[in-house]
Amino acid sequence: MAIKITDECINCGACEPECPNNAIYEGAVDWKASEGTALAGTVTMTSGLTVDADSPQEPVSDDVYFIVTDKCTECKGFHEEPQCAAVCPVDCCVPDEDHVESEEALLEKKAFLHGE
1 MAIKITDECI
11 NCGACEPECP
21 NNAIYEGAVD
31 WKASEGTALA
41 GTVTMTSGLT
51 VDADSPQEPV
61 SDDVYFIVTD
71 KCTECKGFHE
81 EPQCAAVCPV
91 DCCVPDEDHV
101 ESEEALLEKK
111 AFLHGE
C-alpha cells in the first residue's frame with residue numbers, strides 16, 4: 001500500500017529529499033508526474049488518472065506535506081523500508097489503508113515510473 005502523511009505533520013521537510021520517486025511535496029505545492037520519474041507526455045497512472053506528465057497537478061493537501069499515491073512505491077526496489085517513515089521525527093508517515101497494494105504491484109509501479 002502507499003504511504004500517507006497525517007495531519008500530525010510538523011512540516012519539517014525531512015521526508016521530501018528521501019523519496020526515490022519524488023512523490024512527496026510540500027503542502028499547497030503543485031506536483032508533476034514527470035518529477036523524479038521517466039514519465040513524459042500523456043500517461044495513465046496506476047490509479048487510472050490520465051495526466052500530462054509535465055503539467056502541474058493540484059496539491060493533495062494545502063496544510064501539510066503530502067504523498068502522491070500514484071508515485072509512491074513504499075521504496076520497494078530501492079530500500080528495505082519506506083524512507084519517509086524512517087526519517088519522520090513525529091511518525092506521521094504511515095500506511096494508507098485506502099491504497100493497499102501488493103509488493104508485486106509496487107514493483108510494477110516502480111518499473112512504470114522509471115521506464116524499466
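In UniProt numbering, the protein residues as written are 1 to 116.
For every residue, glycine included, the Cβ atom is placed at its ideal position computed from N, Cα and C.
Range of the contiguous beta strand (DSSP E) that encloses Cys93: 93-95
Cβ pair Lys76, Ala23 closer than 8 Å: no
Three or more C-beta pairs below 8 Å linking the segment 55-62 and the segment 21-40: yes
Option nearest Cys12 by Cα separation, candidates Thr46, Gly48, Asp91, Ala40: Taking each of Thr46, Gly48, Asp91, Ala40 in turn and checking the Cα distance to Cys12, the smallest one comes out for Asp91.
Cβ-Cβ separation, Thr6 to Val94 (assumed contact under 8 Å), whole Å: 6 Å between Cβ atoms; contact.
Beta-carbon proximity check, Ala2 vs Cys88, cutoff 8 Å: In this structure, Cys88 does not lie closer than 8 Å to Ala2 by Cβ.
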